[in-house]
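Student: If you want this note's numbering, it's the 1-based position in the sequence shown plus 43. Even glycine gets a Cβ: it sits at the ideal position worked out from N, Cα and C. If you're wondering where the values come from, they're calculated on a predicted model, not measured in any experiment. Take this structure, written in structure tokens, and hold onto it; I'll ask about it next.
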Amino acid sequence: NLQTWFSHQHIAKNLSAETSRFITVRYEDLVTDPDKTQQYIQDKMPFLQRKVKFSEYHLVATPSDRTIAALGGLRPISAASIGNWRGQLAYLKAQIQKYGDLTNPLIDLGYEKDSNWMLALEEVSPDNTDEKLKEKAWYKRLWRNWFMLPRRRLFYRISCSTLFGMYLDKIRWFLRKLSS
44 NLQTWFSHQH IAKNLSAETS RFITVRYEDL VTDPDKTQQY IQDKMPFLQR KVKFSEYHLV
104 ATPSDRTIAA LGGLRPISAA SIGNWRGQLA YLKAQIQKYG DLTNPLIDLG YEKDSNWMLA
164 LEEVSPDNTD EKLKEKAWYK RLWRNWFMLP RRRLFYRISC STLFGMYLDK IRWFLRKLSS
């Protein structure tokens, strides 16, 4: 839903402004030219070694049965889903009414030049029946807001530290090895 999109967009914007350790990869770039996007990522992170081209990943991947079921099968990267939002105009209009206008973020991200895209919603009746928003119990919200989020922020700050970051990475690596 749009609330989640706004939340994630806010996080991405803050992380991008805060540090150069993050890069943005546009979905549209990935699905229209996966190998060019892969090269962009490698240029930004020269320590990465290419094992297989993104465009050929479906030929060598061995996902779990659960993953295949969730994705509806293993297939090549495709740009077919670009613009699918146009088939969800009633839902989009309801989401905008509920969570606010997204024109400025779309312009900032380069998806739109101005607010004229909203003209497509003028004759549409809002319909929010597809929204699957589960309200968490108060104690889960409390746990998340007072323990999990501050803990994640702390670990992020520590991992960015030149003094402790290297040690935290080694601990994470060790814990992953133990759990696998």
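Return the CA-CA distance between residue 122 and residue 196, expressed in angstroms with no decimal places.
Tutor: The straight-line gap from Cα to Cα measures roughly 35 Å.
Student: Using only alpha-carbon positions, find the residue among 66, 135, 60, 112 that is nearest to residue 164.
Tutor: Answer by Cα proximity: 135.
Student: Roughly how many whole angstroms lie between the Cα atoms of residue 76 and residue 180?
Tutor: Approximately 43 Å between the Cα atoms of the pair.
Student: Assuming residue 154 and residue 49 are in contact, meaning their beta carbons sit under 8 Å apart, how far apart are those beta carbons, in whole angstroms?
Tutor: Actually they do not touch by this definition, with Cβ atoms about 15 Å apart.
Student: So, with DSSP's three-state summary, where would you put residue 155?
Tutor: If DSSP states are grouped into helix, strand and coil, residue 155 belongs with coil.
Student: Measuring alpha carbon to alpha carbon, tell me which residue in 100, 66, 133, 198 is nearest residue 166.
Tutor: That would be 133, whose Cα lies nearest to the Cα of residue 166.
Student: Give every residue of the same chain whose Cβ lies closer than 7 Å to the Cβ of residue 170, excluding the five residues on either side of it in the sequence, and list them in chain order.
Tutor: 133, 134, 137, listed in sequence order.
Student: Please name the residue, chosen from 211, 190, 188, that lies closest to residue 199 on a Cα-to-Cα basis.
Tutor: Out of 211, 190, 188, 211 has the C-alpha closest to the C-alpha of residue 199.
Student: May I have the straight-line CA-CA distance separating residue 45 from residue 139, to the nearest angstrom?
Tutor: Roughly 7 Å separates the two Cα atoms.
Student: Secondary structure at residue 198, three-state DSSP: helix, strand or coil?
Tutor: Three-state result, residue 198: helix.
Student: Buried or exposed for residue 145, please, with buried defined as at least 16 other CB atoms from any protein chain shown within 10 angstroms of its CB.
Tutor: Buried, because 16 or more other Cβ atoms sit within 10 Å of the Cβ of residue 145.
Student: Report the option in 70, 157, 101 whose CA atom is closest to the CA atom of residue 124.
Tutor: Residue 124 has its Cα closest to that of 70, out of 70, 157, 101.
Student: Please state the DSSP three-state secondary structure of residue 133.
Tutor: Helix.
Student: Candidates 189, 204, 131: which alpha carbon is nearest residue 172's?
Tutor: Selected option, being the one with the closest Cα: 131.
Student: So, for residue 213: in the same chain, excluding its five sequence neighbours on each side, which residues have a beta-carbon less than 8 Å away from its beta-carbon?
Tutor: If we look at residue 213 and ignore the five residues flanking it on each side, it has no Cβ neighbours.
Student: For the alpha helix (DSSP H) containing residue 107, list its first residue and its last residue.
Tutor: Residue 107 -> no alpha helix (DSSP H), and no H or E assigned at all.
Student: What residues in its chain sit with their C-beta under 6 Å from that of residue 91, if we drop five residues either side in the sequence?
Tutor: Closer than 6 Å at Cβ, skipping near neighbours: 85.
Student: Should residue 97 and residue 80 be called a contact, given that it needs their Cβ atoms to be closer than 8 Å?
Tutor: In contact: residue 97 and residue 80 (Cβ atoms closer than 8 Å).
Student: What residue range does the alpha helix (DSSP H) around residue 216 cover?
Tutor: Here the alpha helix (DSSP H) through residue 216 covers 208 to 222.
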